[in-house]
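Under the working numbering, the first residue of the sequence shown is numbered 290, with each subsequent residue one higher.
C-beta: ideal position from N, C-alpha, C; glycine also.
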Amino acid sequence: MEHSSVTPTQAPEKLTFFGQVNRMFNKAAAYTKHPEGLLKQIKACNSVYRMEYPLQREDGSIDVIQAYRAEHSQHKLPTKGGIRYEAHVNEDEVMALSALMTYKCAVVDVPFGGAKGGIKIDHRDYSEVELERITRRYAFELTRKNFIGPGIDVPAPDYGTGPREMAWILDTYNSLADDTLNALACVTGKPVGQGGVRGRTQATGLGVYYGVREACRFTDDMEKMGLEQGVEGKTVVVQGLGNVGYFAAKFLQEGGATIVGLAEIEGSIYNPEGLNLDDVVDHRKSTGSILDYPGAQNIKNSAEALELPCNILVPAALGGVITMENAPRIQADIIAEAANGPVTSQADAYLLEKNVLIIPDVYLNAGGVTVSYFEWLRNLSHVRHGRMSKRFEERNAERILRAVEKLSDTTFKEDRFDKVVSEIAFGASEQDLVNSGLEDTMAYAYQEIRAIRLEHNVDLRTAAFISAINKVATSYKQMGIFP
Ligand code: NAD
Numbered sequence: 290m291e292h293s294s295v296t297p298t299q300a301p302e303k304l305t306f307f308g309q310v311n312r313m314f315n316k317a318a319a320y321t322k323h324p325e326g327l328l329k330q331i332k333a334c335n336s337v338y339r340m341e342y343p344l345q346r347e348d349g350s351i352d353v354i355q356a357y358r359a360e361h362s363q364h365k366l367p368t369k370g371g372i373r374y375e376a377h378v379n380e381d382e383v384m385a386l387s388a389l390m391t392y393k394c395a396v397v398d399v400p401f402g403g404a405k406g407g408i409k410i411d412h413r414d415y416s417e418v419e420l421e422r423i424t425r426r427y428a429f430e431l432t433r434k435n436f437i438g439p440g441i442d443v444p445a446p447d448y449g450t451g452p453r454e455m456a457w458i459l460d461t462y463n464s465l466a467d468d469t470l471n472a473l474a475c476v477t478g479k480p481v482g483q484g485g486v487r488g489r490t491q492a493t494g495l496g497v498y499y500g501v502r503e504a505c506r507f508t509d510d511m512e513k514m515g516l517e518q519g520v521e522g523k524t525v526v527v528q529g530l531g532n533v534g535y536f537a538a539k540f541l542q543e544g545g546a547t548i549v550g551l552a553e554i555e556g557s558i559y560n561p562e563g564l565n566l567d568d569v570v571d572h573r574k575s576t577g578s579i580l581d582y583p584g585a586q587n588i589k590n591s592a593e594a595l596e597l598p599c600n601i602l603v604p605a606a607l608g609g610v611i612t613m614e615n616a617p618r619i620q621a622d623i624i625a626e627a628a629n630g631p632v633t634s635q636a637d638a639y640l641l642e643k644n645v646l647i648i649p650d651v652y653l654n655a656g657g658v659t660v661s662y663f664e665w666l667r668n669l670s671h672v673r674h675g676r677m678s679k680r681f682e683e684r685n686a687e688r689i690l691r692a693v694e695k696l697s698d699t700t701f702k703e704d705r706f707d708k709v710v711s712e713i714a715f716g717a718s719e720q721d722l723v724n725s726g727l728e729d730t731m732a733y734a735y736q737e738i739r740a741i742r743l744e745h746n747v748d749l750r751t752a753a754f755i756s757a758i759n760k761v762a763t764s765y766k767q768m769g770i771f772p
């Protein structure tokens, strides 16, 4: 193990989450030449709406619900970011997460400012009827204060929320909005029948896979860690089997990686020979726990899974799980930040010194917002992606084959012709287009931040922040606000 100047005995991290994001921002800003005032404006969280409202529970008692929505930056509109339902949600957290959204959108060239919302509840403590009341009242408050709308602020799913909550938000907004023509675009991550786009559900996890695959594609970078190029054959541990973690694990497994460890709230399981993801998910559904999966070792203290030997560690649950307390015991070569803020800034510095490749959240989990952008475009254009071109592309491929036939003076046997046509002559479906746009976005953004990393000899997170700061600064300058 290399000597590290950041030792585990250092004082515990005192910075809040927003403070940590700003520390990362400051580190990157030092590599730019923007005026101090502009940097200050980029960093600032422009507006936060804090609300408290009553909820009548099914047993007749009253709870007071605390909720937030932060809009970090309006340099591009609308602002965009998820809504999380979690027991520790607080103002600092939504501000930090909204700032990360601003930088994330800039890194992947999605033309939105950053926002984030949160409701301070453990969603498992409430019935579906109560969750609907909580969500609808939240959407009502946002609408009343002009904190939501297709051109204002567009929420999406995050921890503890999904298409169901987004459909409730849409319906509430729709019933209050003056302009219903574009109302569908007031929220993304909706069910497909309610204006959602095919591919949004798996988008963040698929984006994580594309990002990890891109990082593993560079032989030079892999060799520095003594690893072979490519995802294939790499061992993986995933924390959190929710929307992001499940799909990240699924696509990594399909890409040839071996899932050796899986962590959930009730505990973790480990098998160095590999775990079958869908089998584990079925086992959890039928027994109510990930533990006691046949052939795997139980780890009762779930967080210890982060310390298992593996090539790629994917924290995909909540923030702040890798700190100076456990960082010295992390054995992974690569940390793929699927969750937001899983590594504290001190642990980040410590692990970088130990030559761990950290693929940062601000890039890696941007697949969700990228495909949300595609959904927003679909809603505003009122047409399914690919609808106008699918059949045309199919016919075109057939025409090309017929032309080849003519030019080569041959007549293809009809059955062979049909087989070839079925293999190559198909128009792209909405899902094909969405996945292709996502793949291109993740690959291009990685190459961009890797180039900055090499130019300045910095880590990937700092490179991603430099990229984001430069893009947001350009936006402000183009508005004529800053020289
Ligand atoms: P989710 O609610 O669908 O899933 C979270 C999972 O983590 C649940 O299965 C939960 O039981 C598990 N979990 C909670 N605490 C745990 C613990 N201590 N140990 C192990 N497992 C634990 O949430 P999600 O949408 O998958 O979000 C996960 C993370 O990804 C969050 O940090 C979120 O901000 C981030 N993220 C989500 C999206 C998105 O599109 N949903 C986009 C970008 C980033």
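Any chain D beta carbon closer than 8 angstroms to residue i
i      : result
Arg413 : Judged by its chain identifiers, the structure shown contains no chain D, having just a single protein chain.
Span separating the alpha-carbon of residue i from that of residue j
i      : j      : result
Ser293 : Tyr427 : The predicted model places Ser293 with a pLDDT of 43, which falls under 50 and marks its position as unreliable; any figure quoted below should be read in that light. Whole-angstrom Cα-Cα distance: 47 angstroms.
Asn629 : Val569 : 25 angstroms
Gly519 : Arg742 : 20 angstroms
Pro649 : Ala585 : 30 angstroms
Tyr342 : Ala732 : 43 angstroms
Thr461 : Asn315 : 40 angstroms
Ile410 : Val337 : 19 angstroms
Glu703 : Glu694 : 12 angstroms
Phe429 : Ala740 : 45 angstroms
Arg487 : Glu719 : 6 angstroms
Ile372 : Gly326 : 30 angstroms
Pro297 : Gly609 : Model confidence at Pro297 stands at a pLDDT of 46, short of 50, so the residue's coordinates are unreliable and nothing is read from them.
Leu638 : Phe536 : The sequence shown places Ala at residue 638, not Leu. Answer to the nearest angstrom: the Cα atoms are 29 angstroms apart.
Gly726 : Asp352 : 43 angstroms
Met455 : Leu304 : 33 angstroms
Ile437 : Asp622 : 41 angstroms
Trp457 : Asn644 : 46 angstroms
Met290 : Asn615 : Since pLDDT at Met290 reaches only 35, below the 50 mark, its modelled position is unreliable, and no value is offered.
Tyr415 : Gln355 : 15 angstroms
Val632 : Ile611 : 5 angstroms
Ser575 : His745 : 51 angstroms
Ala333 : Gly478 : 27 angstroms
Val761 : Arg676 : 34 angstroms
Thr730 : Tyr498 : 13 angstroms
Glu651 : Ile331 : Correcting the residue identity first, residue 651 is Val in this sequence and not Glu. Straight-line Cα distance between these residues: approximately 16 angstroms.
Gln299 : Met613 : Because Gln299 sits at a pLDDT of 49, beneath the cut-off of 50, its placement in the model cannot be relied upon, and the following sentence gives the value as read from the coordinates. Cα-Cα distance, rounded: 8 angstroms.
Ser661 : Thr368 : 12 angstroms
Proximity test, residue i beta-carbon vs the ligand NAD heavy atom, cut-off 7 angstroms
i      : result
Ser591 : yes
Leu530 : yes
Asp447 : yes
Glu325 : no
Val554 : Looking at the sequence shown, residue 554 is not Val but Ile. Indeed, a heavy atom of the ligand NAD lies less than 7 angstroms from the Cβ.
Leu607 : yes
Ala625 : no
Gly773 : The displayed coordinates of the chain run from 290 to 772. Any statement about residue 773 would go beyond what the structure contains.
Asn654 : yes
Arg742 : no
Gly534 : yes
Ala233 : Given a span of 290 to 772 for the chain in the structure shown, any question on residue 233 remains unanswerable.
Arg453 : no
Asn587 : no
Arg373 : yes
Ala628 : yes
Gly657 : yes
Thr477 : no
Ile493 : Inspection of the sequence shows that residue 493 is occupied by Thr rather than by Ile. Correct: Thr493 has its Cβ closer than 7 angstroms to the ligand NAD.
- Message: Closer than 8 angstroms is the cut-off here; do at least three beta carbon pairs connect the stretch 503–520 with the stretch 566–586?
- Response: no
- Query: Three or more beta-carbon pairs under 8 angstroms between the stretch 656–669 and the stretch 442–455, yes or no?
  - Reply: yes
- Item | At least 3 beta-carbon pairs within less than 8 angstroms: the stretch 460–467 vs the stretch 590–598 | no
- Task: Determine, using beta-carbon pairs with one atom in the stretch 753–765 and one in the stretch 382–400, whether at least three such pairs fall under 8 angstroms.
- Result: yes
- Message: I want to know whether the stretch 497–506 touches the stretch 719–739 - three or more CB-CB distances under 8 angstroms.
- Response: yes
- Would you be able to state if there are at least three C-beta pairs under 8 angstroms between the stretch 547–559 and the stretch 613–631? no
- Do the stretch 477–491 and the stretch 522–531 make contact, defined as three or more Cβ pairs closer than 8 angstroms? no
- Message: Ignoring anything shorter than 4 residues, give me the alpha helix (DSSP H) runs that lie fully in the stretch 297–379, in order along the chain.
- Response: 306–318, 325–332
- Message: As an exercise, report each continuous alpha helix (DSSP H) stretch of at least 4 residues that is fully enclosed by the stretch 592–644, in chain order.
- Response: 634–642
- Message: For a minimum of 4 consecutive residues, which ranges assigned as the alpha helix (DSSP H) are wholly contained in the stretch 400–478?
- Response: 417–433, 452–465
- Item | Entirely enclosed alpha helix (DSSP H) segments - the stretch 497–585, minimum 4 residues | 508–513, 532–543, 566–576
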